[in-house]
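Since the structure comes first, as structure tokens, the remarks are kept for the end.
There are 2 protein chains.
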Amino acid sequence: MTRIRLSLFDTTLRDGQQTQGVQFSADEKTQIAKALDALGVDYIEGGWPGANPTDSAFFETRPQTRATFTAFGMTKRAGRSAANDEVLAGVLNANTPAVCIVGKTHDFHVDTALGITLEENLTNISESIAHLVAEGREALFDAEHFFDGYKANPTYALACLQAAYKAGARWVVLCDTNGGTLPSEIGAITARVIESGIPGDHLGIHTHDDTGNAVAGTLAAVDAGARQIQGTLNGLGERCGNANLVTLVPTLLLKEPYASTFETGVPETALKTLTRTSRMLDDILNRVPQRAAPYVGASAFAHKAGLHASAIVKDPTTYEHIAPEAVGNTRIVPMSNQAGQSNLMQRLSDMGIEAEKGDPALSRILDAVKQRETDGYAYDSAQASFELLARRELDVAPDYFEVERYRVISERRRNARGEIVVESEAVVTVSTRDGSRTSFFKNEHAQDIQDDGPVNALWQALKSDLGPHQSKIEDMRLTDFRVRITQGGTEAVTRVIIDFADNQGRAWATVGVSANIVDAAFEALVDAINWKLLRDDATVK
Amino acid sequence: MTRIRLSLFDTTLRDGQQTQGVQFSADEKTQIAKALDALGVDYIEGGWPGANPTDSAFFETRPQTRATFTAFGMTKRAGRSAANDEVLAGVLNANTPAVCIVGKTHDFHVDTALGITLEENLTNISESIAHLVAEGREALFDAEHFFDGYKANPTYALACLQAAYKAGARWVVLCDTNGGTLPSEIGAITARVIESGIPGDHLGIHTHDDTGNAVAGTLAAVDAGARQIQGTLNGLGERCGNANLVTLVPTLLLKEPYASTFETGVPETALKTLTRTSRMLDDILNRVPQRAAPYVGASAFAHKAGLHASAIVKDPTTYEHIAPEAVGNTRIVPMSNQAGQSNLMQRLSDMGIEAEKGDPALSRILDAVKQRETDGYAYDSAQASFELLARRELDVAPDYFEVERYRVISERRRNARGEIVVESEAVVTVSTRDGSRTSFFKNEHAQDIQDDGPVNALWQALKSDLGPHQSKIEDMRLTDFRVRITQGGTEAVTRVIIDFADNQGRAWATVGVSANIVDAAFEALVDAINWKLLRDDATVK
Numbered sequence: 017m018t019r020i021r022l023s024l025f026d027t028t029l030r031d032g033q034q035t036q037g038v039q040f041s042a043d044e045k046t047q048i049a050k051a052l053d054a055l056g057v058d059y060i061e062g063g064w065p066g067a068n069p070t071d072s073a074f075f076e077t078r079p080q081t082r083a084t085f086t087a088f089g090m091t092k093r094a095g096r097s098a099a100n101d102e103v104l105a106g107v108l109n110a111n112t113p114a115v116c117i118v119g120k121t122h123d124f125h126v127d128t129a130l131g132i133t134l135e136e137n138l139t140n141i142s143e144s145i146a147h148l149v150a151e152g153r154e155a156l157f158d159a160e161h162f163f164d165g166y167k168a169n170p171t172y173a174l175a176c177l178q179a180a181y182k183a184g185a186r187w188v189v190l191c192d193t194n195g196g197t198l199p200s201e202i203g204a205i206t207a208r209v210i211e212s213g214i215p216g217d218h219l220g221i222h223t224h225d226d227t228g229n230a231v232a233g234t235l236a237a238v239d240a241g242a243r244q245i246q247g248t249l250n251g252l253g254e255r256c257g258n259a260n261l262v263t264l265v266p267t268l269l270l271k272e273p274y275a276s277t278f279e280t281g282v283p284e285t286a287l288k289t290l291t292r293t294s295r296m297l298d299d300i301l302n303r304v305p306q307r308a309a310p311y312v313g314a315s316a317f318a319h320k321a322g323l324h325a326s327a328i329v330k331d332p333t334t335y336e337h338i339a340p341e342a343v344g345n346t347r348i349v350p351m352s353n354q355a356g357q358s359n360l361m362q363r364l365s366d367m368g369i370e371a372e373k374g375d376p377a378l379s380r381i382l383d384a385v386k387q388r389e390t391d392g393y394a395y396d397s398a399q400a401s402f403e404l405l406a407r408r409e410l411d412v413a414p415d416y417f418e419v420e421r422y423r424v425i426s427e428r429r430r431n432a433r434g435e436i437v438v439e440s441e442a443v444v445t446v447s448t449r450d451g452s453r454t455s456f457f458k459n460e461h462a463q464d465i466q467d468d469g470p471v472n473a474l475w476q477a478l479k480s481d482l483g484p485h486q487s488k489i490e491d492m493r494l495t496d497f498r499v500r501i502t503q504g505g506t507e508a509v510t511r512v513i514i515d516f517a518d519n520q521g522r523a524w525a526t527v528g529v530s531a532n533i534v535d536a537a538f539e540a541l542v543d544a545i546n547w548k549l550l551r552d553d554a555t556v557k
Numbered sequence: 017m018t019r020i021r022l023s024l025f026d027t028t029l030r031d032g033q034q035t036q037g038v039q040f041s042a043d044e045k046t047q048i049a050k051a052l053d054a055l056g057v058d059y060i061e062g063g064w065p066g067a068n069p070t071d072s073a074f075f076e077t078r079p080q081t082r083a084t085f086t087a088f089g090m091t092k093r094a095g096r097s098a099a100n101d102e103v104l105a106g107v108l109n110a111n112t113p114a115v116c117i118v119g120k121t122h123d124f125h126v127d128t129a130l131g132i133t134l135e136e137n138l139t140n141i142s143e144s145i146a147h148l149v150a151e152g153r154e155a156l157f158d159a160e161h162f163f164d165g166y167k168a169n170p171t172y173a174l175a176c177l178q179a180a181y182k183a184g185a186r187w188v189v190l191c192d193t194n195g196g197t198l199p200s201e202i203g204a205i206t207a208r209v210i211e212s213g214i215p216g217d218h219l220g221i222h223t224h225d226d227t228g229n230a231v232a233g234t235l236a237a238v239d240a241g242a243r244q245i246q247g248t249l250n251g252l253g254e255r256c257g258n259a260n261l262v263t264l265v266p267t268l269l270l271k272e273p274y275a276s277t278f279e280t281g282v283p284e285t286a287l288k289t290l291t292r293t294s295r296m297l298d299d300i301l302n303r304v305p306q307r308a309a310p311y312v313g314a315s316a317f318a319h320k321a322g323l324h325a326s327a328i329v330k331d332p333t334t335y336e337h338i339a340p341e342a343v344g345n346t347r348i349v350p351m352s353n354q355a356g357q358s359n360l361m362q363r364l365s366d367m368g369i370e371a372e373k374g375d376p377a378l379s380r381i382l383d384a385v386k387q388r389e390t391d392g393y394a395y396d397s398a399q400a401s402f403e404l405l406a407r408r409e410l411d412v413a414p415d416y417f418e419v420e421r422y423r424v425i426s427e428r429r430r431n432a433r434g435e436i437v438v439e440s441e442a443v444v445t446v447s448t449r450d451g452s453r454t455s456f457f458k459n460e461h462a463q464d465i466q467d468d469g470p471v472n473a474l475w476q477a478l479k480s481d482l483g484p485h486q487s488k489i490e491d492m493r494l495t496d497f498r499v500r501i502t503q504g505g506t507e508a509v510t511r512v513i514i515d516f517a518d519n520q521g522r523a524w525a526t527v528g529v530s531a532n533i534v535d536a537a538f539e540a541l542v543d544a545i546n547w548k549l550l551r552d553d554a555t556v557k
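First to last, the sequence lines map onto chains A and B.
The working numbering applies: residue 17 is where the first sequence begins, and numbers increase by one.
The working numbering applies: residue 17 is where the second sequence begins, and numbers increase by one.
Structure below.
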């Protein structure tokens, strides 16, 4: 049976950036674009070139992608030609293969927001799209406020779509800009659009979650015949967010009637990385992942009710609509550590530690993880700290060095020339099998040298002299540093997760928790060195 | 025109308690029950009396409510009469006017989970419901796994509903227990149930959010004729949660076709308290409210895109599907480098600063925001820092005090008894109009005293003596602290956003950026004090 191809258009980097509190750097945009490409979306909308310095910088250095890279802009203004509109020119200058421009389709907005005639707006749409096509670009038209416009003046709203379609738009996208249209209306109006002569395979849907129906509205449009879906990772977006692709993709790939009717560019293998992709975005944004998120949330397959948990042990399909592995997630059964033990043995085996089923150390490790997660630790990404914890319970923990004390100072003052300077210094005393040694680091203020703060000072001091182990840690690099205030028991504590790499291609992460951010970071630094020494030291099992 | 009455059944205290990490005390249940009653729901399901000590305690002391108080339980087991089933007896002993019992309707579960015959299960349903009715209770039947059951064996699934309905159940509730049924299926199957002879005004709907469609599935059932809605506050519930009543209620009351077709027990005045009710639950659970929550989220009416913000100023209906006041929420026009002049003027006007369109200071402020966002600052939540930045460009910035220097130390060492202790201390010198003063804070280590780290030490020292301003900052509290590593130009920098509150009900946030986390935090602390002094000082314009 031939399946119908659905096109996935991601706007995390454009509409997603409209989320309150979200401000991607160009580097972060590159990282997200690569993840979207690996997932298998068809279009990546990168932003609005020319609208702000970050977007302009990103388009200059954008990564190569299999997905069609798309720049966003708006229809030309009235009273000038498309070729002479400098905003549109700025968008075209980004040299993307596709360009998506937004235009009005609701007569009220043409009047109130633009203050031009309905006829002028139609001309702006058709001439802008024609200009994109003449410039050799694939053109997409975001029909702003389409559903509200259709309800107010269906003839005019449809005329706007026709203007874009006839001028050569590859996709005409029905946007529920204000997010207030309910799924049943979206389905009915999308069907009318197709009846009016715009084929479904040229029709896209763009919804917002203002009534909690963004996903359902998208599905209703697909049911009616629309074949492009616009959405964002984790449902980022203006106000309540856009349709969540992380929810829609597994629904389309795994659930009937979609799974046997449609196909997308997302391969099954990429679907298995969905949970990781979703959490990666939260990491970049330093957001706490939503535990209850469909498919990818930490609680999405957590069975707390006693009746559910006991049935799950007999047969997981009793209380699961899909298998968690299909989206790279895992089942949690808080009442029974059966599932926990096999999970744990797998993780230990991945680290080269073999444990027998029923080994009492397994329960001790699970208890310790549970206790420490209550205290604020998180081991999902900090695998190296998890390995050290497991080794302690199994009595195969390393014992390379001990920290006797540290002291770190940060200071802001005026120097002799009256300039404000910020400086940090640290002193660390460690003992190894051949004695105790003290190291010192000071970030001396000088022209153009920034002070990297107390954690950096501590790291520089700690790694400068580990005696017999020194040669093995010389190639360690700190690659990322994440800080989150979280709940540890009844108190707020700071959780620090640090990523490291070395010259042998290893990458690892550790976690530390304390009310004192410096002490939390220090715990993660010490874990990282221990893990590195363990890996380099073949004599330690 | 007579509107059709919809019944609202809240299960926050029962299914909502199945949320991972949620464990209500009896007192918290009372507080939530009162809020639900004030909102105007028809039924409050309080829990499962006899299943755990908390639920039993709560039913003994439950508050008086206008809503029908409901106890939850399950159908009697096979091989005994309903009167002799001690689990059912435990539920009846709670003496609630209504009792809702869950029973199987999916043949696979009758076999796999219960291990009884299909006929025995039908008997368990009808005898249990008949027993509740004989005891003078209003009986509700939660048809577990109904949609999956209907798809597997429609005849049997419908027979289960009939068994409950004929035995006297006031409501037969179609439960999508695993959350995997899509809205179109829910609508179609609900219509079949009504065709089979169970009237819509005896039919309820209970959905879960495993595909992000719990709200849409509920609306689909209502469209098909179901007249009772089961859900929870903020969508709490097993796995991904239940249908969110906080989203459904305003949709039913404010949006067409629902608003003119149906009525509920929720008065317009109670709808205006919806945002507060939602946040109250988060407060009880010590959760950070979801900014993007439909209707009640802090971002639900935040207009970040420049094009949106300029239209909103002309007419809020251009980008809002309902008025925020209708649900007790407020409009926000945040500042960011996406914003234009009209956005900025609105923002300034909210702060009591009037600027003329075309004032060159407006461009300077926008440029400064853009530059500082490139450096790593973020102003859309840190409104207080934005105000100070704008005031500097407008030359109406405060000049209350200046920091001459600070120095902060964190130390980990062994004390005289060989215990590891972590301590922080800070010294800050500030100058005010009447001279210079130095303050000191040390977090002395003692039993059960945690060291809160260098930022806390700095804050304690800074706020301990501001000379002539001291009395005005005594009521400042630091309520949240967020840290992220971001790109500032070409270097990684640390951005710290700190939330504050005072005893006059004000809440404000500030931002600081530096490669040194302590210095970034310090900048935010200084901004926060300046903003607070500005608000308390009527003489400063």
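Every residue gets a Cβ at the ideal spot worked out from N, C-alpha and C, and that includes glycine.
{"Item": "Any Cβ of chain A within less than 9 Å of the Cβ of B:Ile338?", "Value": "yes"}
{"Item": "Within 9 Å of any Cβ in chain A, is that where the Cβ of B:Pro170 sits?", "Value": "no"}
{"Item": "Suppose you measure from the CA of B:Thr277 to the CA of A:Ala183; what does that come to, to the nearest Å?", "Value": "42 Å"}
{"Item": "Answer with buried or exposed for B:Ile436, where buried requires no fewer than 16 other C-beta atoms within 10 angstroms of its C-beta.", "Value": "exposed"}
{"Item": "Buried or exposed, going by whether 16 or more other CB atoms sit within 10 Å of the CB of A:Lys386?", "Value": "exposed"}
{"Item": "Hey, which unbroken runs of the alpha helix (DSSP H) at 4 residues or more fall wholly within the region 472–530 of chain A?", "Value": "486–489"}
{"Item": "Near B:Ala73, what residues of its chain come up, given a Cβ to Cβ distance below 7 Å and the 5 sequence neighbours on each side ignored?", "Value": "Ala42"}
{"Item": "So, are the CB atoms of B:His319 and A:Arg255 less than 9 Å apart?", "Value": "yes"}
{"Item": "Please classify A:Lys120 as buried or exposed, where buried requires at least 16 other C-beta atoms within 10 Å of its C-beta.", "Value": "buried"}
{"Item": "So what's B:Asp450 in DSSP terms, helix, strand or just coil?", "Value": "coil"}
{"Item": "Which class does A:Cys176 belong to by DSSP, given the choice of helix, strand or coil?", "Value": "helix"}
{"Item": "Let me know if B:Ala204 comes out buried or exposed under the rule of 16 or more other beta-carbons within 10 Å of its beta-carbon.", "Value": "exposed"}
{"Item": "Can you grab the Cα-Cα spacing for the pair B:Ala477 / A:Gly253, in whole Å?", "Value": "40 Å"}
{"Item": "Closer than 8 Å by C-beta to B:Ala325: which residues in its own chain qualify, once you throw out the five before and the five after it? Chain order, please.", "Value": "His319, Val349, Ala355, Gly356, Ser358, Asn359, Gln362"}
{"Item": "Spatial neighbours of B:His222 within its chain, please: C-beta separation below 6 Å, excluding the five flanking residues on both sides.", "Value": "Val189, Cys191, Gln246"}
{"Item": "Please go through the same chain and pick out, in chain order, the residues whose beta-carbon is closer than 7 Å to the beta-carbon of A:Pro113, but skip the five residues on each side of it.", "Value": "Thr84, Phe85, Arg153, Glu154"}
{"Item": "Can a CB atom of chain A be found closer than 9 Å to the CB of B:Phe317?", "Value": "yes"}
{"Item": "DSSP beta-bridge partners for B:Gln246?", "Value": "B:Phe25, B:His222"}
{"Item": "Using the beta-carbon of each residue, which ones in chain B are nearer than 9 Å to A:Asn546?", "Value": "Those within 9 Å of A:Asn546 in chain B number zero; the least Cβ separation is about 17 Å."}
{"Item": "Given that A:Asp239 touches chain B, what residues does it touch there, using C-beta distances under 8 Å?", "Value": "Ser200"}
{"Item": "Using 10 angstroms around the beta-carbon of A:Lys330, count the other beta-carbons present and answer buried if the total reaches 16, otherwise exposed.", "Value": "exposed"}
{"Item": "I want to know whether the region 23–36 of chain B touches the region 51–59 of chain B - three or more CB-CB distances under 8 Å.", "Value": "yes"}
{"Item": "Is the shortest distance between the beta-carbon of B:Gly89 and the beta-carbons of chain A less than 9 Å?", "Value": "no"}
{"Item": "By Cβ distance, which residues of its chain are closer than 6 Å to A:Gly257, with the 5 residues on each side in sequence left out?", "Value": "Asp225, Gly251"}
{"Item": "Alpha carbon to alpha carbon, how far is A:Arg93 from A:Ala179? Give it in angstroms, no decimals.", "Value": "16 Å"}
{"Item": "Between the Cα of A:Ala544 and those of A:Val126, A:Ile514, A:Asn532, spot the shortest distance and give me the residue it belongs to.", "Value": "A:Ile514"}
{"Item": "Using a Cβ-Cβ cut-off of 8 Å (strictly less than) and excluding sequence neighbours within five positions of B:Tyr422, which residues of its own chain qualify?", "Value": "Ala442, Val443, Val444, Thr445, Leu474, Ala477, Leu478, Phe538"}
{"Item": "Could you tell me whether the Cβ atoms of B:Ile566 and B:Gln36 are closer together than 9 Å?", "Value": "The structure shown does not extend to residue 566 of chain B, since chain B is modelled only from 17 through 557, so no value can be given for it."}
{"Item": "Can you name the residues of chain A whose CB is closer than 7 Å to the CB of B:Glu507?", "Value": "Gln466"}
{"Item": "Roughly how many angstroms separate the alpha carbons of A:Ala308 and B:Asp450, rounded to a whole number?", "Value": "55 Å"}
{"Item": "At what residues does the alpha helix (DSSP H) containing A:Thr291 begin and finish?", "Value": "290–301"}
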